[in-house]
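Residue numbers (the working numbering): 416 to 1006.
Right under this line is the structure:
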């Protein structure tokens, strides 16, 4: 087995391709954080106990090749194995999401047991103190991937899974989250795959999440991209090199406001492993970039702004074809479509995983690795990024988004905002994290995956609506909603949430209100609100609000009948409230 060390073949290649390599090295420090060794599995960070730091779940095999799943609690940068009894699994995934919108991160586990059974288990998190398996059933699978994303824009995360099932079938399934009614398998034209990888992004900036997927279809390795059209996935007419046993991620290569596709894997027909970046040029044009980077498979890829320059960098790990090489290398984005390999020597691994996240809350993305090391043993490594304390710039925290507005249409609400006005981070690099709740500060409708009452993210990721500054949530019930949005840098630093706004959604109207004091109604023919006072009073007023809760008009009410002309108002929902000596009468109307 050949292992790349500095100076490695990759670095020599990159020196030839990019002779203007920076002389300064991205520095990391290996941390003895208390992890046990893992390989052939998955690593994932999330703040499961809402204490403000990222905890870690690891799956895979340990020394002796037995499967294991362990959740490690982060206590000021030292990780301690919890005693929660998770199913021991290998060759699977561990994906966090607040699937029940109760404010904490739940965990989906899948993989293979030591007796070769396939399992998929959804664990419910109850306030970070109790994590237990649910009764929700999904097909057991391994050698694949799963992803949470809200494909139908109803506010809750749905689940896409792909891999080999217990009967070794190729399988891909989309499960719609129906809240208290569980999950429903939805028919799609997505290909059934094994050795699969997937990623999602709004590739066309139309306000919904699209899907890329790769793997072995049984008739060859494929990589395909599907546009989300009102909840139906339609294949994009673009040519991507097919791979399996790979990994993929979306990121904005050039800070031009659209998502590019990064992926690696092996094409078993040619026997060659590849790494490609396909640049999104809009209108279904995807350009393969000649970056000249070596390909890997049976590994992973993680994107983050590791050096805090506002550009997305990446780290890859895995096995290469040809000489049986293994490698783990980080590439710095030079902003001109090129990359150079950082000088830091990460351990070469295969059957590996990689995760990026700020475990020590110092404002930069750290690196967690698992895999088979050069000694042939499972290994786990944590590397602390010291970008903020050496020659690199200090962490840049974005400012809040501005000018929040919302509007209703039927049972849908569309939320809008502007990018921050005063930038301390590259504007085009920012993504946005929307929260919508039925209570002040809540996120019971659309989770921002943040710790309640703070701007701290519970998972290291781009914002949940990515680059979009307009987002619609469908199938909303009548009521008052509280919402806000924050900006996220590519290094996972977060702005504060913008000041919270409210919006009222009415799916019906009550255009007349009678009581012993007043009668108030809306006269369509006159486009006027009419108020009849029925008893003597000392003080009477009318307040008119729009659907966003903004006061539009305030006027005194006279004895007898008062008419308030509203012909000048923009069509939409309004609330008229008559106050008669402190007694309130309210109607909802549509102008």
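Idealized CB from N, CA, C, for every residue including glycine. None of these values were measured; they are calculated from a predicted model.
Minimum C-alpha distance to residue i - residue among the options
| i | options | result |
| --- | --- | --- |
| residue 757 | 865, 874, 456 and 728 | 728 |
| residue 797 | 812, 1000, 761 and 959 | 761 |
| residue 957 | 950, 936, 940 and 941 | 936 |
| residue 540 | 968, 520, 844 and 724 | 520 |
| residue 460 | 473, 569 and 701 | 473 |
| residue 548 | 531, 860 and 501 | 501 |
| residue 507 | 1006, 768 and 889 | 768 |
| residue 779 | 794, 725, 766 and 788 | 725 |
| residue 662 | 720, 558 and 980 | 558 |
| residue 572 | 861, 443, 736 and 444 | 861 |
| residue 843 | 496, 673, 942 and 487 | 673 |
| residue 973 | 952, 867, 749 and 736 | 952 |
| residue 687 | 656, 667, 701 and 697 | 656 |
| residue 853 | 897, 653 and 885 | 897 |
| residue 510 | 538, 489 and 483 | 538 |
| residue 992 | 444, 484, 1003 and 704 | 1003 |
Simplified DSSP assignment, three categories, for residue i
| i | result |
| --- | --- |
| residue 594 | helix |
| residue 512 | strand |
| residue 802 | helix |
| residue 617 | coil |
| residue 876 | coil |
| residue 843 | helix |
| residue 776 | coil |
| residue 851 | strand |
| residue 939 | coil |
| residue 469 | coil |
| residue 788 | coil |
| residue 999 | strand |
| residue 983 | coil |
| residue 460 | strand |
| residue 475 | strand |
Anticipated Cβ contact below 8 Å, residue i with residue j, distance rounded
| i | j | result |
| --- | --- | --- |
| residue 605 | residue 628 | 6 Å |
| residue 477 | residue 451 | 6 Å |
| residue 471 | residue 783 | 7 Å |
| residue 978 | residue 887 | At roughly 36 Å, the Cβ-Cβ gap does not stay under 8 Å, so residue 978 and residue 887 are not in contact. |
| residue 590 | residue 648 | Actually they are not in contact, since the Cβ atoms of residue 590 and residue 648 sit about 14 Å apart, beyond 8 Å. |
| residue 658 | residue 626 | Rounded, the Cβ-Cβ distance is 16 Å, inconsistent with contact. |
| residue 555 | residue 577 | Rounded, the Cβ-Cβ distance is 13 Å, inconsistent with contact. |
| residue 707 | residue 733 | Actually they do not touch by this definition, with Cβ atoms about 17 Å apart. |
| residue 543 | residue 463 | 6 Å |
| residue 932 | residue 998 | 5 Å |
| residue 900 | residue 819 | 7 Å |
Buried/exposed call for residue i, threshold 16 Cβ in 10 Å
| i | result |
| --- | --- |
| residue 458 | buried |
| residue 680 | buried |
| residue 368 | Any question about residue 368 goes unanswered here, given that the chain covers just 416 to 1006. |
| residue 614 | buried |
| residue 959 | buried |
| residue 529 | exposed |
| residue 531 | exposed |
| residue 566 | buried |
| residue 738 | exposed |
| residue 816 | buried |
| residue 939 | exposed |
| residue 678 | buried |
| residue 741 | buried |
| residue 892 | exposed |
| residue 859 | buried |
| residue 744 | buried |
Test: residue i CB closer than 8 Å to a CB of chain C
| i | result |
| --- | --- |
| residue 972 | In the displayed structure, chain C is absent; only one protein chain is listed. |
Residue i: CB within 7 Å of a non-hydrogen atom of the ligand HEM
| i | result |
| --- | --- |
| residue 443 | Absence of the ligand HEM is noted for the structure shown, with no ligands found whatsoever. |
* In chain order, which continuous runs of the alpha helix (DSSP H) of length 4 or greater are located wholly inside the stretch 659-746? -> none
* If you scan the stretch 523-596 from start to end, which runs of the beta strand (DSSP E) of 3 or more residues do you find wholly inside it? -> 533-541, 545-548, 556-564, 573-580 and 585-592
* **Contiguous beta strand (DSSP E) assignments of at least 3 residues, all confined to the stretch 948-976** => 955-961 and 966-971
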